[in-house]
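The sequence shown begins at 504 in the working numbering and counts up one residue at a time.
All residues carry an ideal CB built from backbone N, CA and C; glycine is no exception.
Predicted, not measured: the structure shown is a model, and the values here were computed from it.
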Amino acid sequence: MVRWKAIDAAPPVNLNLRVPVKETTPTPLRLTSRRLEIRQRHETAICQAAEKVFAEAGFGGATMQLIADVAGLPKANLHYYFATKEELYRRVVQNIFEIWLHAAEAMDDATGPVEGIGAYIDAKMEISRRHPNGSKVWASEVMHGAPVIQDYLETTLRDWTTGRAALIQGWVDQGKMRAVNPEHLLYMLWATTQHYADFSHQIAVLNGGALSDADWQAAKASVKGLILRGIGALA
504 MVRWKAIDAA PPVNLNLRVP VKETTPTPLR LTSRRLEIRQ RHETAICQAA
554 EKVFAEAGFG GATMQLIADV AGLPKANLHY YFATKEELYR RVVQNIFEIW
604 LHAAEAMDDA TGPVEGIGAY IDAKMEISRR HPNGSKVWAS EVMHGAPVIQ
654 DYLETTLRDW TTGRAALIQG WVDQGKMRAV NPEHLLYMLW ATTQHYADFS
704 HQIAVLNGGA LSDADWQAAK ASVKGLILRG IGALA
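Right under this line is the structure:
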């Protein structure tokens, strides 16, 4: 923790000699900016390490010491930024949730399902590629009854689902896609795209190795083609 120190008063300046006064102590603004940079860097490292540990060991098996070791930071640093393991766990779950919500913004201004759902699938697949551990933590949390994030499910996620279901129903009413249950379509989108994160090990084994860039592009195209044709948005 950076502690503020009182700045000693500068010695008298002989104005006749016009001796320049040099700034030897960082200004409060510089200190604040530096502290924010350090905090952001440490929080990012801690959250990335926690995401990995929670995904591999579960909440019960994870310890603050193990997370500190993976992050390469003293355990005291973790407790400075996150007082408890529960607080850190909630941050990890919140992070992936917010990333998913941001991905769904592609549907908001879309003119129809081909553009909107297609972009959403692309974004969700890319998140599964870049944040597989976050997805695994979320899946484990929900499978255990969502003891930490139940409030998210009952509020933010429910409201989001209601809004996107209405958007999809609008496309149905406009004749831009086949009549389907909007909620079940969303469940299918989540299940399909997140499978590539939650079952990444199984996919790697069956594929003979981790998916390459070309494999990911092919997977995105396959998922989009199957779903968009299935809902009658593509011929």
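| Item | Value |
| --- | --- |
| Determine, using beta carbons only, whether Met628 and Tyr690 come nearer to each other than 8 Å. | no |
| Would Leu692 pass as a contact of Ile734 if the rule is Cβ separation under 8 Å? | no |
| Taking buried to mean at least 16 other C-beta atoms within 10 Å of its own C-beta, is Ser638 buried or exposed? | buried |
| Determine the burial state of Ser715: buried for a count of at least 16 other Cβ atoms within 10 Å of its Cβ, exposed for fewer. | exposed |
| Is the segment 595–609 close to the segment 634–650, with three or more CB pairs under 8 Å? | yes |
| Are the CB atoms of Ser631 and Gln476 within a distance shorter than 8 Å? | Any answer about residue 476 is impossible in this case: the structure gives the chain only from 504 up to 738. |
| From what residue to what residue does the alpha helix (DSSP H) around Lys679 run? | No alpha helix (DSSP H) contains Lys679, which DSSP labels as neither H nor E. |
| Is the beta carbon of Val573 less than 8 Å from the beta carbon of Lys555? | yes |
| Leaving out the 5 sequence neighbours to the left and right, which residues in its chain are closer than 8 Å to Gln720 when beta-carbon positions are compared? | none |
| Tell me which same chain residues have a C-beta within less than 8 Å of the C-beta of Lys462, skipping the five on either side of it? | Limits of the chain in this structure are 504 at one end and 738 at the other, which puts residue 462 out of reach. |
| If you draw a straight line from the alpha carbon of Pro650 to that of His545, how long is it in whole angstroms? | 27 Å |
| For Gln543 and Asn684, I'd like the C-alpha separation in whole angstroms. | 42 Å |
| What are the start and end residues of the alpha helix (DSSP H) that includes Asn684? | Neither: Asn684 is in no alpha helix (DSSP H) and is coded neither H nor E. |
| Considering only residues of the segment 602–641, which uninterrupted beta strand (DSSP E) runs meet the minimum length of 3 residues and lie entirely inside it, listed in chain order? | none |
| Near Phe585, which residues of its chain fall below 6 Å by C-beta distance, leaving aside the five closest residues on each side in sequence? | Leu591 |
| Hey, could you find the ends of the alpha helix (DSSP H) Leu569 is sitting in? | 567–574 |
| Since Glu686 and Thr658 should fall inside the 8 Å C-beta cutoff, what is the C-beta to C-beta distance between them, to a whole number of angstroms? | The pair is not a contact, with the Cβ atoms about 17 Å apart (cut-off 8 Å). |
| Could you give the distance in angstroms between the alpha-carbon of Lys723 and the alpha-carbon of Thr535? | 44 Å |
| Please name the residue, chosen from Phe702, Leu729, Ala552, that lies closest to Ala642 on a Cα-to-Cα basis. | Phe702 |
| Give the range of the alpha helix (DSSP H) segment to which Val708 is assigned. | 703–710 |
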